[in-house]
Amino acid sequence: MWKLTFARTIAAVPVIILVALVAFMLFRFVPVQAPAAILGDGATPEAVARLTAEMGLDRPAPVLFLEWVGNALQGDFGRSYVTNLEVSSEIAHRLPITLTLALGGIVIAVLLGVPTGVAAALYRNSWIDRALTGVVSVLLAMPGFWLALLLVLAFAVQLRWLPAAGYTPPSAGLWPWLRGFILPCLALGLGATANIARHTRSSMLQQLDSQYARALTARGCPRGRLVMRYCLKNAMMPVLAIIGMLTALMLSGSFVIEKVFSVPGLGSLILDSINRGDTPVLQAVVVVVAVFIIVVNLLVDIGYGLIDPKVRPE
Amino acid sequence: MSDQATNTLQAPLETALADTQQKRPAFLARLLAQPSTVLALFWVLLLVVVAIFAQYVSPYDPNASSVMRRLQGLSQENLLGTDDLGRDLLSRAMWGARVALLAVTQAVLPAMLVGVPIGLFVAYRGGWWDRVVMRLVEVEQAIPMLLFAFTFIAIFGRGLTNAMLAVSLGFAMSYLRLTRAVVLAERPKAYVQAAEIQGYSTLRILFRHILPNAIGPIAVQTSILAGVAILIEAMLSFLGLGVSTGSPSWGAMLDDARRFQIQQPLLSLVPGAAITLTVLSFNLLGDGFRDAFNSDLIIPKRKKGSIPAAVAPEPDAPLTQNSTATSDAVLALNNVSVEFPSYSGSFQRVVSNISFSIAPGEIYGLVGESGSGKSMTTSAILGQVPKPGRIAGGSIVLAGRQLVGLPERQMSRIRGREIGAVFQDPMMALSPVHKVGDQMIEGLVRHEGISRKQALARAAELLDLVGVTDARNRLDDYPHQFSGGMAQRAMVAAALICKPKLLIADEPTTALDVTVQKQVLELLLQLRGTLGMSVLFITHDLAVVAQLCDRVGVMKLGELVEEGTTAQLFANPEHPYTRQLMLAREMLDGPAGKSAS
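Here the protein sequences line up with chains A and B, keeping their order. Under our numbering, the first sequence has 222 at position 11, and the numbering climbs by one with no breaks. Under our numbering, the second sequence has 222 at position 45, and the numbering climbs by one with no breaks.
If you want it as structure tokens, here you go:
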């Protein structure tokens with residue numbers, strides 16, 4: 212198991228380097244170049260050229276890239292062109308909030324989605340199946356941020372159970388902190404729930420119709436045990452890949468949900484940076500997101516190792 | 178094997194299919210037969226009309242504000258209310274449809290035009306082209322679409338077209354993958370090779386011969402991607418990265434709603450419902466296309482009450498002439514029928530009026546070509562006829578106990594304890610991610626209520642008995658660590674673990690190598706000697722029958738056409754079909770019985 216984990220981790224390194232290179236290259240072409248962004252609309256070309264030289268941006272691209280990678284490896288992503296704050300500390304403040312949202316969302320999605328899918332499969336073609344499939348179809352078509360608005364209307368405005376917006380730091384206590392995350396995580400997770408439920412259902416149906424299920428039943432294995440112990444584990448193999456994909460999507464989904472709830476995560480940082488051409492921030496965010504996705508894929512691979520004996524080295 | 182000589186004789190399942198093919202309506206008719214698809218199609222068409230003629234059908238200018246009439250509810254003047262600037266929500270939603278459909282067109286059309294030809298090309302060429310392009314596709318698909326759009330917007334500036342360009346690039350990758358998969362599936366087929374031999378140009382083969390096969394999947398994909406495009410457009414406009422500020426877009430309307438929905442919920446309900454309905458419609462259309470293209474898979478909805486309840490066994494049903502049922506039979510079938518609903522809704526019999534019985538210690542062979550209903554007969558005995566099929570009548574008596582109509586709870590106590598079963602492919606009959614030992618003892622633990630440890634000890638004994646060496650350690654192995662022959666031995670051991678009176682062996686040697694087949698057959702004969710159980714042996718192989726069975730029944734088209742002792746049947750086959758079967762066998766392998774390998 213450890214060997215597998217180690218091998219996969221090593222294999223991820225070149226991918227991260229590649230992503231870093233691409234991130235760097237891309238933003239070299241941003242039409243709004245940094246000095247112009249800093250000086251604003253009225254800047255003369257001479258002033259822009261002077262600032263470019265001052266910032267050392269007139270040096271060749273490979274030098275800049277190596278310098279950037281060298282600093283990035285030490286956790287230094289430079290300073291924001293706009294706020295002049297350190298990018299790394301800015302990200303360090305915001306990333307935990309976005310991560311909490313994303314992980315909360317996927318945990319809700321798995322906890323609700325898998326049982327829903329299993330139930331629909333077990334009662335296939337019954338009214339239970341039809342009702343669940345109907346709800347799933349609607350959830351799949353709903354934009355997460357509209358769902359968020361509806362949740363706010365229902366639970367914050369009408370029922371007044373939960374806050375409509377804002378972020379409470381954990382220092383204020385566990386419950387106040389957690390309360391603020393319930394609606395955003397639900398809004399983020401329900402779409403993924405539908406996705407997982409749909410895939411679990413079809414995967415489970417396949418397993419229920421499988422030869423081994425028939426053989427186990429023919430030997431007298433009780434239905435409940437067949438479903439929970441045998442079919443579920445087999446059915447989870449394709450669903451695991453879907454869960455990985457959805458987890459990767461959670462991060463960008465969270466950027467949108469953060470806006471609805473005015474949560475100070477990575478989302479607002481990115482939007483501001485896009486609007487202002489704040490290259491150092493964007494480069495850093497791309498790398499952070501890429502690393503997150505790579506870690507998720509690594510976990511999925513390890514998950515496969517846990518389920519499938521063929522992947523597990525002896 | 179025998180199928181070639183007897184291909185004029187159609188099996189019931191095949192005739193059922195041929196039956197459905199005649200009644201199969203054309204694609205459009207099939208599509209329109211699905212109510213949800215019709216509704217979805219209606220909504221999308223309505224949207225297209227509204228989008229094109231927005232300036233004529235919308236009651237107001239979408240940007241005409243009126244401070245006096247801000248945040249109105251439903252009214253005569255403003256059917257769906259007004260927003261914070263007093264603009265008519267219905268009009269804005271109608272103009273929003275134009276933005277949404279424009280986004281769909283911008284995202285889907287270029288993607289299709291680029292992705293499909295490249296997919297055709299790389300799949301047909303293969304080699305380095307394929308490898309390099311697929312690597313790029315994988316990298317691109319690993320990046321969330323929204324982030325990709327962010328990057329594009331950061332580089333090329335804000336705007337719907339730039340955003341949709343990024344989305345389009347992502348969509349092109351998924352068209353590429355899809356087309357590639359279809360080509361890879363079609364390429365080895367005979368018609369492509371025939372076209373190649375004809376000397377047609379690559380382009381002609383790709384576009385005239387292979388592409389038509391991809392149209393179905395592409396239509397399904399297009400419909401689903403259209404929904405995705407709408408969601409992404411809405412998301413980007415909501416974030417202020419899509420349409421320019423103030424333009425009517427569903428996403429931008431939801432951004433306004435964010436601030437004012439507490440005062441007027443319609444602000445969020447109108448655009449939100451528009452997005453959801455549209456995306457749902459595109460998804461339903463995709464499902465509808467898929468179902469209409471694979472129409473064989475549709476099982477018609479049964480009308481309530483149109484199916485008579487399964488017939489209860491008649492207690493004193495007369496035994497048919499070729500039944501030799503005696504009161505001490507281990508298993509006695511009397512007039513058993515199994516039926517499935519066909520496309521037209523009527524029921525089609527795949528097993529009809531079968532009667533036979535098996536004496537203690539007897540090996541009874543059931544032969545017939547594939548589709549003759551022999552495996553369905555075993556399913557009936559085990560109470561495993563897959564839905565929506567059912568036992569239509571007759572009685573199945575196991576050691577004096579009626580099995581037809583027995584509740585599932587009681588049936589599950591008989592399976593594994595009184596009837597053991599071995600199936601065709603041992604590798605398929607084992608869950609690949611569970612230990613073989615654990616799978617062997619599931620029934621035993623339940624039937625005899627012993628501990629797993631005791632059960633595993635018994636499993637080891639039986640594995641040893643069926644000739645698996647190092648039995649105790651092999652219990653902890655996974656199926657992929659077993660060879661096919663060893664796995665089938667393990668399945669035989671598992672079937673016998675509760676010492677059942679009857680072993681059903683459903684083509685247990687078909688999936689195995691010839692040498693291994695022989696070993697398994699010898700094992701069965703030997704076990705019958707030591708354990709004394711009866712065996713119902715299903716096969717299409719007459720040589721195996723001659724070698725193994727005491728008595729034989731021949732099945733054709735779901736009916737038992739002839740029955741007798743093995744010697745009788747081989748010396749003097751009475752039914753023309755039996756003779757045909759033996760003739761076919763001799764033509765291929767020499768006289769039956771002597772050719773036993």
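In this text, a Cβ means the ideal position worked out from N, Cα and C, and glycines have one as well.
- In the DSSP assignment, Gln398 of chain B falls within the alpha helix (DSSP H) that extends over Leu388 to Phe415.
- As computed with DSSP, Leu679 of chain B is found in a beta bridge with B:Ile596 and B:Ser711.
- For Ile535 of chain B, DSSP records a beta bridge to B:Leu508.
- For Ala391 of chain B, the closest of B:Phe470, B:Ile320 and B:Trp427 by C-alpha to C-alpha distance is B:Phe470.
- Per the Cβ contact rule, the stretch 627-639 of chain B is not in contact with the stretch 591-607 of chain B (fewer than 3 Cβ pairs under 8 Å).
- Against chain B, a Cβ distance below 7 Å from Met353 of chain A picks out Thr453.
- Interface annotation, Lys470 of chain A: in contact with chain B, CB-CB separation under 8 Å.
- Interface annotation, Asn406 of chain A: not in contact with chain B, CB-CB separation never under 8 Å.
- Leaving aside the five residues that flank Pro656 of chain B on each side, the residues in its chain whose CB is nearer than 7 Å to its CB run, in chain order, Met604, Leu607, Pro609, Val613 and Ala664.
- With a beta-carbon spacing of about 5 Å, Arg305 of chain A and Leu477 of chain A fall inside the 8 Å limit used to define contacts.
- Within its own chain, the residues whose Cβ lies closer than 7 Å to the Cβ of Met668 of chain B, once the five positions on either side in sequence are excluded, are Val599, Pro603 and Ala606, listed in chain order.
- DSSP places Glu625 of chain B inside the alpha helix (DSSP H), whose first and last residues are Val613 to Glu625.
- For Met663 of chain B, the uninterrupted alpha helix (DSSP H) segment begins and ends at Gly661 to Ala672.
- Secondary structure of Glu315 of chain B (DSSP, three-state): helix.
- Apart from sequence neighbours up to five positions away, no residue of its chain approaches Ala203 of chain B with a beta-carbon distance below 8 Å.
- Counting C-beta pairs closer than 8 Å gives three or more between the stretch 311-319 of chain A and the stretch 454-467 of chain A, which meets the contact rule.
- When C-beta distances to chain B are compared with 7 Å, the residues of the stretch 498-520 of chain A below that value are Val500, Ile504, Ile518, Asp519 and Pro520, in chain order.
- Membership of Ala688 of chain B in any alpha helix (DSSP H) is not indicated, and neither H nor E is assigned to it by DSSP.
- Taking the Cα of Ala206 of chain B as reference, the smallest distance to any Cα among B:Gly626, B:Asn511, B:Phe466 and B:Leu760 is reached at B:Phe466.
- The stretch 675-684 of chain B makes contact with the stretch 708-721 of chain B: 3 or more CB pairs, one atom from each, lie closer than 8 Å.
- Sequence-distant Cβ neighbours of Gly347 of chain B in its own chain, meaning closer than 7 Å and more than five residues away, are Glu317, Met322 and Phe325.
- Glu257 of chain A counts as exposed, since fewer than 16 other beta carbons sit within 10 angstroms of its beta carbon.
- At a Cβ-Cβ threshold of 8 Å, Leu312 of chain A and Leu399 of chain A count as neighbours.
- Sixteen is the threshold: when 16 or more other Cβ atoms of the shown chains lie within 10 Å of the Cβ of Glu301 of chain A, as they do, the residue is buried.
- Counting only residues of its own chain and dropping the five nearest sequence neighbours on each side, Met447 of chain A has a CB closer than 7 Å to the CB of Ile518.
- Taking a Cβ-Cβ cut-off of 9 Å, Leu310 of chain A has no neighbours in chain B, whose nearest Cβ is about 15 Å from it.
- For Thr742 of chain B, the enclosing beta strand (DSSP E) has its first and last residue at Glu736 to Thr742.
- Taking the Cα positions, Asp420 of chain A is about 51 Å away from Leu256 of chain B.
- The straight-line gap separating the alpha-carbon atoms of Ala501 of chain A and Met236 of chain A is approximately 15 Å.
- Taking 8 Å as the CB threshold, Ile295 of chain B stays off the interface with chain A.
- Between the C-alpha atoms of Gln694 of chain B and Trp213 of chain A there is a straight-line separation of about 41 Å.
- Listed by position along chain B, the residues whose Cβ is nearer than 7 Å to that of Thr428 of chain A are Gln561 and Arg592.
- The shortest CA-to-CA distance from Thr338 of chain B to any of B:Leu418, B:Ile382, B:Gly560 and B:Trp306 is the one to B:Leu418.
- Within chain B, no C-beta atom comes less than 8 Å from the C-beta of Tyr378 of chain A; the nearest is roughly 16 Å away.
- Secondary structure at Gly571 of chain B: strand, using DSSP grouped into helix, strand and coil.
- Straight through space, the alpha carbons of Gly428 of chain B and Gly334 of chain B are spaced by roughly 19 Å.
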